[in-house]
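If you're matching positions, the sequence shown starts at 1 in the numbering used here and goes up one per residue. We treat Cβ as the ideally placed atom computed from N, Cα and C, and that holds for glycine. In this text the structure is predicted, and so the values were computed from the model without any measurement. Report on the following structure.
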Amino acid sequence: MSTDHMSARRADPAAAPRTPAGQAPAPRTPAPAVPELPVVPAALTGGYPEPLWMQAKEALENRIAVGEVKPGSRLPPERELCRMLGISRVTLRKALTALVEEGVLRAAQGRGWYVSAAERKEWPNTLESFSETARRMGLLATSQVLRRETGPASFDEAEAFQIAPGTPLYRLERVRMLDGVPIAVDHSLVPTDVAAGFDTVDFTVRSLYDTIADAGFELAQADTTIEARPADAALAGHLAIAAGTPVLDMRQIVRDRAQRPLLSSSIRYAGDRYRLRTSFMRNAGQ
Numbered sequence: 001m002s003t004d005h006m007s008a009r010r011a012d013p014a015a016a017p018r019t020p021a022g023q024a025p026a027p028r029t030p031a032p033a034v035p036e037l038p039v040v041p042a043a044l045t046g047g048y049p050e051p052l053w054m055q056a057k058e059a060l061e062n063r064i065a066v067g068e069v070k071p072g073s074r075l076p077p078e079r080e081l082c083r084m085l086g087i088s089r090v091t092l093r094k095a096l097t098a099l100v101e102e103g104v105l106r107a108a109q110g111r112g113w114y115v116s117a118a119e120r121k122e123w124p125n126t127l128e129s130f131s132e133t134a135r136r137m138g139l140l141a142t143s144q145v146l147r148r149e150t151g152p153a154s155f156d157e158a159e160a161f162q163i164a165p166g167t168p169l170y171r172l173e174r175v176r177m178l179d180g181v182p183i184a185v186d187h188s189l190v191p192t193d194v195a196a197g198f199d200t201v202d203f204t205v206r207s208l209y210d211t212i213a214d215a216g217f218e219l220a221q222a223d224t225t226i227e228a229r230p231a232d233a234a235l236a237g238h239l240a241i242a243a244g245t246p247v248l249d250m251r252q253i254v255r256d257r258a259q260r261p262l263l264s265s266s267i268r269y270a271g272d273r274y275r276l277r278t279s280f281m282r283n284a285g286q
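As structure tokens, this is what we get:
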């Protein structure tokens, strides 16, 4: 290092203010705090150290990682993102497409780009309620109640419950959420003798399984079918997805140990927010 550089870093005694004899030095004013750099810079650096689209991808990933953009929420419009990042729309699209391929984002045609719900652990093969599974995973389960009423059973509903058509059933329809993110729309049916007093239950936070158990009934076994269906406009609105997007429709008949049906449900899950894991065992000798 040159002598000139060294002298430039030393304090100049002649330039320092003198303190009169017998007087304590004045307290130093603390240096102003260095502001934190924004997660997304005003502009990216072309060609160094990475291509612009990759820098944009990493900048958006950082915003999501620190919680600046929440799972299930929509990103700002493309024009705004281009302005924030200082890049063209072609470059931005390349970054967004890469994030979709990695499962970080999902594209909703005509509606923009959404942060995918945080990956959840597989749901169990044992019979658990939505709320029980959420608690086990350390998540908060809440609901938006869309409908609660008592009405006559249709022919198909009567067959499921082994009752006469027209027999009253309690109907409960809810949007199910995990940590505030809409996961599914749940339409449940319960016999009225099981559902006595349900009109006073706060199903925005209360588990239907727990409520049935508290009424003295045991949910012991469920027959389940799962199939993919396109979301209609109403369902798409509740789940913040595009109409026509495939959803998983899980239908269950839940019985007690005497095989009496106590609950029938159709739960339609957003396809990118639900994963079912099961295992199969081959019989010996086959």
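If you compare alpha carbons, which of the options is closest to residue i?
| i | options | result |
| --- | --- | --- |
| D272 | A164, P71, E61 | P71 |
| R229 | F217, A242, A220 | A242 |
| R257 | G244, D249, L219, M250 | L219 |
| S289 | S207, D199, T192 | Missing from the structure shown is residue 289; the chain here goes from 1 to 286 and no further. |
| F161 | A222, D210, R136 | A222 |
| M177 | N62, V69, E68, S131 | S131 |
| T133 | Y209, E68, L60 | Y209 |
| F217 | T192, C82, I163, L239 | T192 |
| E102 | L239, E58, Q259, C82 | E58 |
Starting from the C-beta of residue i, find all residues in its chain whose C-beta is less than 7 Å away, skip the five residues before and the five after it, and write them out in chain order.
| i | result |
| --- | --- |
| D179 | L139, L140 |
| E78 | R89, L92 |
| P35 | Summary for P35: the model assigns pLDDT 29, below 50, so the residue's position carries little reliability, and this model does not support an answer. |
| V100 | R106, A107 |
| R282 | none |
| V69 | R63, L75, V115 |
Decide if residue i is buried, meaning its Cβ has at least 16 other Cβ atoms within 10 Å, or exposed.
| i | result |
| --- | --- |
| S358 | The structure shown has nothing for residue 358, since the chain only spans 1 to 286. |
| P115 | It is worth fixing the name first, because residue 115 is Val in this sequence and not Pro. That one is buried. |
| D186 | buried |
| P152 | exposed |
| E159 | exposed |
| R136 | exposed |
| V66 | exposed |
| V205 | exposed |
If I'm right that residue i touches residue j with Cβ under 8 Å, what's the distance once you round it to whole angstroms?
| i | j | result |
| --- | --- | --- |
| F155 | P168 | The pair is not a contact, with the Cβ atoms about 15 Å apart (cut-off 8 Å). |
| L189 | E227 | That belief does not hold up - the Cβ atoms of L189 and E227 are roughly 19 Å apart, past 8 Å. |
| G215 | V194 | It should be noted that the sequence gives Ala, not Gly, for residue 215. Going by Cβ atoms, the distance from A215 to V194 rounds to 6 Å, so yes, they are a contact pair. |
| I267 | P261 | So it is not a contact: roughly 16 Å between Cβ atoms. |
| R111 | S143 | R111 to S143, Cβ: 24 Å. No contact. |
Anyone know if the C-beta pair for residue i and residue j falls short of 9 Å?
| i | j | result |
| --- | --- | --- |
| A98 | W53 | yes |
| L105 | L85 | no |
| F203 | V247 | no |
| Y269 | A196 | no |
| G244 | A234 | no |
| L172 | R148 | yes |
| M250 | T211 | no |
| A117 | I87 | no |
| Y170 | T150 | yes |
Within the same chain, show all residues whose beta-carbon is closer than 8 Å to that of residue i, passing over the 5 residues directly before and after it, in chain order.
| i | result |
| --- | --- |
| A213 | L219 |
So, at 6 Å on beta carbons, what are the nonlocal neighbours of residue i in its own chain, with the 5 sequence-adjacent residues on each side left out?
| i | result |
| --- | --- |
| Y274 | L248 |
| R255 | Q221, P261 |
| I64 | V115 |
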